[in-house]
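Chains as they are written, first to last, in the working numbering: chain A, 1 to 408; chain B, 1001 to 1376. Quick notes on the structure that follows.
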Amino acid sequence: MTGEPAIDRRANAAPVYLDYQATTPTDPRVVAAILPYFTEKFGNPHSTGHRFGREAAEAVERARGDVAALIGAESREIVFTSGATESNNAAIKGAVRFLRDERRSDRDRIVTVATEHKCVLETCRQLEREGFSLTVMPVKSDGLLDLAALAEAIGPRTALVSVMAVNNEIGTIQDLAAIGALCRARGILFHSDAAQAAGKVPLDVDAMGIDLLSISGHKLYGPKGIGALYVRRRPRVRLAPLIDGGGQERGFRSGTLPTPLCVGLGVACAIARDEMAAEAARLVELRRRFFAALHRRIPGMRLNGSGEQRVAGNLNIGFPGIDAEELLEACATVAASTGSACSSASIEPSYVLRALGLDAAAARASFRLCVGRFTTVPEIDFAADALVAAFERLRAMEGMKKAASGAT
Amino acid sequence: MAASPLTYLDYNATAPVRPAVAAAIAAALTLGGNPSSVHRAGRAARRAVEAARDELAALAGVGANEVVFVSGGSEANHLALRGSGRRRVLVSAIEHDSVLAAVPDAERLPVAPSGLLDLAALAERLAADDRPALVSVMLANNETGIIQPIAAIAEIVHARGGLLHCDAVQAAGKLPLARALLGADLLSLSAHKLGGPQGIGALIVAPEIALAPLQSGGGQERGRRAGTENVPGIVGFGRACVLATEGIATCARLAELRDDAERRLLAMAPGARIFGTDSPRLPNTLCIAMPGVPAATQVIALDLAGVMVSAGAACSSGKVRPSHVLRAMGATAEEAASAIRISLGWDSRAADIDHLVEAWGALYARAGRPVAASAA
């Protein structure tokens, strides 16, 4: 492809970044939008008694509208939070604690899925310790939730179902509309962690029957430290707030809103909305090219997760007979990871891959490659070469070790 | 008409980010990387976070391992009050709403008309119940600037086996904070009150305290606060701490400006009341009641004249309630309803005070005197 910059192949050059599901670079258009709000337009958006405060408040409300538009919601259904972890905690803990404490409802069961992000699973386990009952659904070998099994698992005692829109390790897209319909028919709240989905796949909270939806800024080329929670108004979803006090965000979330970060999230959502369709098509092409380049040269390579129901930028693959951590260490020119960044330092193989039925060795041999907005074709070609070379070096060393031990 | 100058005197609500801090944030925004990732981009982000943690630890006079980054002062207060594990909680009556709301059924500790905590009442309350307590008292009040004797309070609390949380959000950058001197076990800080960015704060946690997290998830912040770190915010916070520490020495300059304003306002309006003048006070804060004129009216009139101040805390947008802080100090409902907060900061100048005095004086001439005279 002409016009694309060549890859800097020097040893000390920045690695090719293929970890877009851990975090995305902040889009320069987002950075440009944010910066004036630190210095020139620095007001506290809650100080509406004076002009700097009102100026900040107007910027925050514009951003709220842009976030809402991305998911087919109304502005006033958007609550700004510090990120998707807070959104997930606020949604799940807030909804079931409200039912227990205010409504004295006997709906005390939470249903979620084995492949959810750690912060959803940990939140649910915390609630289990508080006396709620928890069902963690398995997934099929392609990572998709079995809808018939879900329909059987939920009932009159179920308070809330939490299913992520797009998985952070294997990119699997769940059938939210079908899950939403199942929940709606039974009067159950439906929460979806859309941190990896917002701005990547079309989301519509009404069409999908979603009551609560979590968004992260830094997964869609916005800043870190900001996220949003969609809270349905009709029928109204009530939450016990995680952070109470000043009464900001209509009582759902107290604390001074960080105007620059809200603005950044808004701009990131507006860009994603405009560019999502074209960008997804481009990323699918990049991913196919990447997969083909590796598949051709690594016999026995496996793809984890559904090939079809998959977010455009994600590959999760296993190279035969290696430890993926060792492979990535041996391939310093590529920045990728074996799974969720939260557990990068952990030595346990991915629980997401284990939930697909992979044995420990197959899970350990697997890693995630994510392309994104700034990934180029030359970068993909370079990374494929580098990964294959690292694989061959590891195999050769393995062979020498075997030969050495065989000789003694 | 010539554009009138704009004067910002609402630093206790939020402060403009210092230019050097904004530059550090801009650089960090383009840095990228998730600090939990083990590749090069992740390691660079991790280094940036840990360097800022050291800068914050220096400001608070604590070890870096005592710093837990959170999204701001409200979260820090919630984490402290709900995470300490203490069932019995006592809070002063003048705390910020985020403290009062964190444990709604906490026992309220009275303050004297001076605005200072009633230490005898504190000792009595603690002695009345053997359960180990958590006590929360702010270092400096956001509305009046009154500074509490935290070290003396800590001594009383610790003698009864209690823990002391101190909301130091308004004091940071204006007073020395060494935790050892204060004696507090938990300390809340917010970046945007001291020239750092909004959306980042910290809770300082003494090493022996096992804190239950508010947010469950990945094991960030050593299990005490889950969620991907706000790297640019943390970097900006660190830089702001360095600059604020250097700037504490120049706070005397703010006190001079503030005292000048006070003298001039009182000279014009002898009936005006300034809160906290008999107590130790932050150098930047001036809480003054213009009798007979509702605070909201004053704020609007001053805004029209280009002077930005506030009627108490900036929180629940627009709703002006009589300040619970002033009421707790024994102010009448009318006095409390006519008090505004004027707060200075790192970029305040003498011309700002002139502008304030002129605008406040004009309003007083229009609205203040007749009402005050008719009341007399």
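Glycine is no exception: its CB is placed at the ideal position from the N, C-alpha and C atoms. Note that the structure is a prediction, hence the values are computed from the model and not measured.
Subject >> Identity of the residues DSSP links to T24(A) by a beta bridge >> reply: The partner list for T24(A) (beta bridge, DSSP) is empty, contrary to what the question assumes.
Original post:
Between T1144(B), I1353(B), R1086(B) and V1293(B), which lies nearest to G1276(B) when the distance is taken from Cα to Cα?
Top reply: T1144(B)
Original post:
Which of the three DSSP states, helix, strand or coil, is assigned to R1341(B)?
Top reply: strand
**OP:** Compare the C-beta of P202(A) with all C-beta atoms of chain B and state if any pair is closer than 8 Å.
**Re:** no
Subject >> Min CB distance N1034(B) to chain A below 8 Å >> reply: yes
Original post:
What alpha helix (DSSP H) runs, 4 residues minimum, are completely inside the segment 1143-1199 of chain B?
Top reply: 1150-1159 and 1179-1182
Original post:
Relative to the C-alpha of A1269(B), which residue among G1292(B), G1042(B), P1035(B) and A1051(B) is closest?
Top reply: G1292(B)
Subject >> A1140(B) in three-state terms, based on DSSP >> reply: strand
Original post:
What three-state label does DSSP hand N316(A) in the structure shown?
Top reply: strand
Original post:
Which term fits S141(A), buried or exposed, when burial requires 16 or more other beta carbons within 10 angstroms of its beta carbon?
Top reply: exposed
Subject >> Proximal residues to V1157(B) (C-beta, below 6 Å), its chain only, five neighbours per side dropped >> reply: V1135 and L1164
Original post:
Any idea what DSSP makes of V334(A), helix, strand or coil?
Top reply: strand
Original post:
Between the Cα of R238(A) and the Cα atoms of R62(A), L99(A), R287(A) and V79(A), which residue gives the shortest distance?
Top reply: L99(A)
**OP:** Starting from the beta carbon of G255(A), find every residue of chain B whose beta carbon is closer than 8 Å, and list them in chain order.
**Re:** S1071, G1072, G1073, S1074, E1075 and S1098
**OP:** Using 7 Å as the cut-off, classify the Cβ of A278(A) as near or not near the heavy atoms of the ligand NAP, replying yes or no.
**Re:** What this structure holds is no ligand at all, so the ligand NAP is not there to describe.
**OP:** Jot down the residue ranges of each uninterrupted alpha helix (DSSP H) in the segment 1005-1052 of chain B, minimum 4 residues, whole runs only, in chain order.
**Re:** 1019-1029
Original post:
Do we get a CB-CB distance below 8 Å when we pair G266(A) with the residues of chain B?
Top reply: no
Original post:
Among residues of its own chain, excluding the 5 on either side of S1098(B), which ones have a beta-carbon nearer than 6 Å to its beta-carbon?
Top reply: S1074 and N1077
Original post:
Is it right to say L394(A) is buried, meaning 16 or more other beta carbons lie within 10 angstroms of its own, or is it exposed?
Top reply: buried
Original post:
Taking only beta-carbon atoms, is I1094(B) less than 8 Å away from chain A?
Top reply: no
Original post:
Excluding five sequence neighbours on each side, which residues of the same chain lie with their C-beta closer than 8 Å to the C-beta of A324(A)?
Top reply: G318, T338, R364, A365, S366 and F367
**OP:** Grab me the residues of V1021(B)'s own chain with a C-beta within less than 8 Å of its C-beta, minus the 5 sequence neighbours each way, in chain order.
**Re:** G1195, G1196, P1197, G1236, R1239, A1240 and L1243
Original post:
For V1091(B), which of helix, strand or coil comes out of DSSP?
Top reply: strand
**OP:** At 9 Å on the CB atoms, spell out the chain A contacts of Y1008(B), in chain order.
**Re:** F42, G43, H50 and F52
Subject >> Interface flag, A1041(B) vs chain A, CB-CB below 8 Å >> reply: yes
**OP:** For D1303(B), return the contacting residues in chain A, with the cut-off set at a CB-CB distance below 7 Å.
**Re:** G49, H50 and R51
Original post:
Name the chain B residues whose beta carbon is nearer than 8 Å to that of E86(A)?
Top reply: S1071, Q1215 and G1227
Original post:
What are the residues of the segment 19-31 of chain A that lie near chain B, defined by any Cβ-Cβ distance shorter than 7 Å?
Top reply: D19, A22, T23, P25, T26 and V31
Original post:
If you draw a straight line from the C-alpha of N1142(B) to the C-alpha of I1340(B), how long is it?
Top reply: 12 Å
Subject >> Below-8 Å beta-carbon distance, Q1170(B) vs any chain A residue >> reply: no
**OP:** Please compile the residues from chain B whose C-beta is within a distance smaller than 8 Å of the C-beta of Y17(A).
**Re:** G1032 and A1041
Original post:
What residues in its chain sit with their C-beta under 6 Å from that of C1251(B), if we drop five residues either side in the sequence?
Top reply: K1174 and P1283
Original post:
Between the beta-carbon of L203(A) and the beta-carbon of I226(A), is there less than 8 Å?
Top reply: no
Original post:
So who's on the other strand from M137(A), going by DSSP bridges?
Top reply: V113(A)
Subject >> CB contact below 8 Å: N89(A) versus chain B >> reply: yes
Original post:
Are there three or more Cβ pairs, one per stretch, closer than 8 Å when the segment 262-272 of chain A is compared with the segment 22-36 of chain A?
Top reply: yes
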